[in-house]
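Chemist: One structure coming up, written as structure tokens, with questions to follow.
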Amino acid sequence: MLSICVPVYNEDYSILMLYKELADVLNKLNQEWELIWINDGSTDGSASLLNQLAEKDLRVKVIHFRRNFGQTAAMMAGIDFARGDIIIPIDADLQNDPEDIPKLLAKLDEGFDVCSGWRDNRKDDTLRRNLPSKIANWIISSISGVHLHDYGCSLKAYKKDVIKDIKLYGEMHRFIPIYASWHGAKVAEVPVNHHPRKYGQSKYGLERILKVVLDLAVVKFLDRYAQKPMYVFGGIGVTSFIFSAFSTIYAFYLKFYENLSLIQTPLPLVAVFTALTGVMCLLMGLLAELIMRTYHESQEKSIYLIKETRNINTDSENRPSINTSKRISN
Numbered sequence: 415m416l417s418i419c420v421p422v423y424n425e426d427y428s429i430l431m432l433y434k435e436l437a438d439v440l441n442k443l444n445q446e447w448e449l450i451w452i453n454d455g456s457t458d459g460s461a462s463l464l465n466q467l468a469e470k471d472l473r474v475k476v477i478h479f480r481r482n483f484g485q486t487a488a489m490m491a492g493i494d495f496a497r498g499d500i501i502i503p504i505d506a507d508l509q510n511d512p513e514d515i516p517k518l519l520a521k522l523d524e525g526f527d528v529c530s531g532w533r534d535n536r537k538d539d540t541l542r543r544n545l546p547s548k549i550a551n552w553i554i555s556s557i558s559g560v561h562l563h564d565y566g567c568s569l570k571a572y573k574k575d576v577i578k579d580i581k582l583y584g585e586m587h588r589f590i591p592i593y594a595s596w597h598g599a600k601v602a603e604v605p606v607n608h609h610p611r612k613y614g615q616s617k618y619g620l621e622r623i624l625k626v627v628l629d630l631a632v633v634k635f636l637d638r639y640a641q642k643p644m645y646v647f648g649g650i651g652v653t654s655f656i657f658s659a660f661s662t663i664y665a666f667y668l669k670f671y672e673n674l675s676l677i678q679t680p681l682p683l684v685a686v687f688t689a690l691t692g693v694m695c696l697l698m699g700l701l702a703e704l705i706m707r708t709y710h711e712s713q714e715k716s717i718y719l720i721k722e723t724r725n726i727n728t729d730s731e732n733r734p735s736i737n738t739s740k741r742i743s744n
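Just so we're aligned: 665 in the numbering used here is position 251 of the sequence shown, and the numbers increase by one with no gaps anywhere.
Quick look at the structure:
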């Protein structure tokens with residue numbers, strides 16, 4: 415089954431047209447499908463239109479948020495409620511083309527787990543949208559190691575088993591291919607059509623770039639140090655101690671060899687400040703380690719992911735206890 419997820423925020427002008435286009439494409443695929451609309455707190459007529467569609471077509475599912483939570487939350491809701499083996503998000507503003515869905519599915523049939531759309535000929539403002547997007551995509555690819563031309567394109571196809579345990583926050587929906595790749599998924603990219611915006615205005619501005627960069631820093635931290643936060647805090651703490659030691663040594667050198675009183679230089683204050691910073695970082699590292707262990711052990715969260723097994727009983731009663739094999743990497 416295919417699950418098509420459509421976040422909606424004040425898009426009443428495009429809902430009926432998008433539904434018709436999606437239905438026309440999906441009906442040709444000879445697969446079961448469902449169309450999940452996530453109403454992200456719309457204040458126009460979107461909610462009423464979606465309810466009408468759900469009454470007419472049982473394949474249409476509608477989730478109404480109490481207020482506007484943002485596109486990432488809408489994507490997360492779509493993934494959580496999807497029943498299909500393949501999940502395909504698409505924007506509701508008619509800029510993505512439903513006719514590209516078969517291309518994404520064909521790529522998954524080749525053995526890939528994720529297929530990302532690439533708006534090669536993007537129909538947006540060059541300076542306000544396209545140039546910042548290219549810069550952001552280059553930064554994301556460089557830092558993450560997952561090289562895609564267009565992280566911002568919502569039109570993607572995911573096999574559900576590679577994203578079912580992913581939790582999204584902030585503006586992190588664009589990083590799903592990164593999460594999937596870090597968990598062993600094969601990621602591909604195909605060029606897709608992109609239509610000029612016909613109605614309404616973009617919900618995003620240049621300020622989104624800063625949010626993306628900050629979210630990317632969080633993603634990178636979680637990938638590298640989520641299970642060993644002491645490596646970050648401890649590293650900063652040790653660096654602070656070293657800086658404090660050098661400041662102290664240099665301050666005494668100036669006093670005894672250059673006849674410069676300690677009160678005439680800021681070095682003693684620098685030494686004390688950096689030493690305190692080192693102590694605080696080490697204590698924060700220990701606290702983060704305790705929090706990490708509480709997170710895993712109290713909820714029986716595994717520190718590893720299994721792709722598949724052979725002749726292994728996966729009943730919960732026979733799984734290894736978190737107090738045994740799951741501690742091997744600590």
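Backbone N, C-alpha and C define an ideal beta-carbon position, used for all residues, glycine too. Since the structure is predicted, the reported quantities are computational estimates derived from the model, not experimental observations.
For Asn-453, which residues does DSSP report across the bridge?
Modeler: Counting from one through the sequence shown, the residue named residue 453 turns up at place 39. Asn-453 is bridged to Val-422, His-478.
Chemist: Could you name the residues of the same chain whose beta carbon sits closer than 7 Å to that of Leu-582, not counting the 5 residues immediately before and after it, in chain order?
Modeler: Translated into positions along the sequence shown, residue 582 becomes position 168. Correct list, in chain order: Thr-486, Met-489, Met-490.
Chemist: Going along the chain, which residues of its own chain have a beta-carbon closer than 6 Å to the beta-carbon of Leu-416, five neighbours each way excluded?
Modeler: Residue 416 sits at position 2 when you count from the first residue of the sequence shown. Within the same chain, Leu-416 has close Cβ partners Gln-445, Trp-447, Gly-498, Ile-500.
Chemist: May I ask you to list the residues that DSSP assigns as paired with Lys-570?
Modeler: Locating residue 570 in the sequence shown gives position 156, where the first residue counts as 1. According to DSSP, which records beta bridges pairwise, Lys-570 is partnered with Ser-530.
Chemist: Which of the three DSSP states is assigned to Leu-416 in this structure?
Modeler: Mapped onto the sequence shown, residue 416 falls at position 2. Strand, per DSSP.
Chemist: Using C-beta distances below 7 Å, list every residue in its chain close to Asn-744, excluding the 5 sequence neighbours before and after it, in chain order.
Modeler: Here residue 744 refers to the residue found at position 330 when the sequence shown is read from its first residue. Bear in mind that the predicted position of Asn-744 carries a pLDDT of just 35, short of 50, making it too unreliable to give a figure here.
Chemist: Can you tell me which residues form a DSSP beta bridge with His-561?
Modeler: Stepping through the sequence shown from its first residue, residue 561 is reached at position 147. Paired residues: none, contrary to the question.
Chemist: Given Gly-651, which residues of its chain have a CB within under 6 Å of its CB, disregarding the five upstream and five downstream residues?
Modeler: In the sequence shown, the residue the question calls residue 651 occupies position 237. The answer, listed in chain order, is Gly-692, Cys-695, Leu-696.
Chemist: Could you give the DSSP three-state label for Asn-732: helix, strand or coil?
Modeler: To locate residue 732, count along the sequence shown from 1; it is residue 318. Because Asn-732 carries a pLDDT of 44, less than 50, the predicted location of this residue cannot be relied on, and no value is offered for it.
Chemist: Could you give the distance in angstroms between the alpha-carbon of Asp-527 and the alpha-carbon of Asp-458?
Modeler: Along the sequence shown, one-based indexing puts residue 527 at 113. Along the sequence shown, one-based indexing puts residue 458 at 44. Going from the Cα of Asp-527 to the Cα of Asp-458 covers about 37 Å.
Chemist: If you draw a straight line from the alpha carbon of Glu-703 to that of Val-601, how long is it in whole angstroms?
Modeler: Stepping through the sequence shown from its first residue, residue 703 is reached at position 289. Stepping through the sequence shown from its first residue, residue 601 is reached at position 187. Cα to Cα, Glu-703 sits roughly 32 Å from Val-601.
Chemist: For Val-560 versus Ile-592, is the C-beta distance shorter than 7 Å?
Modeler: As a first step, residue 560 must be located in the sequence shown, where it is residue number 146. As a first step, residue 592 must be located in the sequence shown, where it is residue number 178. Yes; because the gap between Cβ atoms is below 7 Å, this pair is in contact.
Chemist: I need the boundaries of the alpha helix (DSSP H) containing Glu-435, first residue and last residue.
Modeler: Here residue 435 refers to the residue found at position 21 when the sequence shown is read from its first residue. That run of the alpha helix (DSSP H) goes 429-440.
Chemist: Excluding the 5 residues flanking Lys-574 on each side, which residues of the same chain have their C-beta closer than 6 Å to its C-beta?
Modeler: Mapped onto the sequence shown, residue 574 falls at position 160. The answer, listed in chain order, is Asp-499, Ile-501.
Chemist: Rounded to whole angstroms, what's the CA-CA distance from Ser-764 to His-478? Just pull it up for me.
Modeler: The requested residue 764 is not part of the displayed model; the chain covers only 415 to 744.
Chemist: What is the DSSP secondary structure of Ala-640, reduced to helix, strand or coil?
Modeler: Position 226 of the sequence shown holds residue 640. Ala-640: coil per DSSP, three-state reduction.
Chemist: For the alpha helix (DSSP H) that Ile-376 lies in, which residues bound it at each end?
Modeler: Because the chain is modelled from 415 through 744, residue 376 falls outside the range shown and cannot be assessed.
Chemist: If you follow the beta strand (DSSP E) that Ala-488 is in, where does it begin and where does it stop?
Modeler: Looking up residue 488 in the sequence shown gives position 74. Run containing Ala-488: none in the beta strand (DSSP E); it sits in the alpha helix (DSSP H), 485-495.
Chemist: Is the separation between the beta-carbon of Ser-428 and that of Leu-508 shorter than 7 Å?
Modeler: As a position in the sequence shown, residue 428 is number 14, starting the count at 1. As a position in the sequence shown, residue 508 is number 94, starting the count at 1. Cβ atoms of Ser-428 and Leu-508: closer than 7 Å.
Chemist: Measuring CB atoms only, is the region 660-673 touching the region 632-647, in the sense that at least three cross pairs come out at less than 8 Å?
Modeler: Contact fails: fewer than three Cβ-Cβ distances are below 8 Å.
Chemist: What are the residues that DSSP puts in a beta bridge with Glu-448?
Modeler: Locating residue 448 in the sequence shown gives position 34, where the first residue counts as 1. Answer by DSSP bridge pairing, in chain order: Ser-417.
Chemist: DSSP has Asn-510 in a bridge; who is on the other side?
Modeler: Walking along the sequence shown from the start, residue 510 turns up at place 96. Its beta-bridge partners are His-608.
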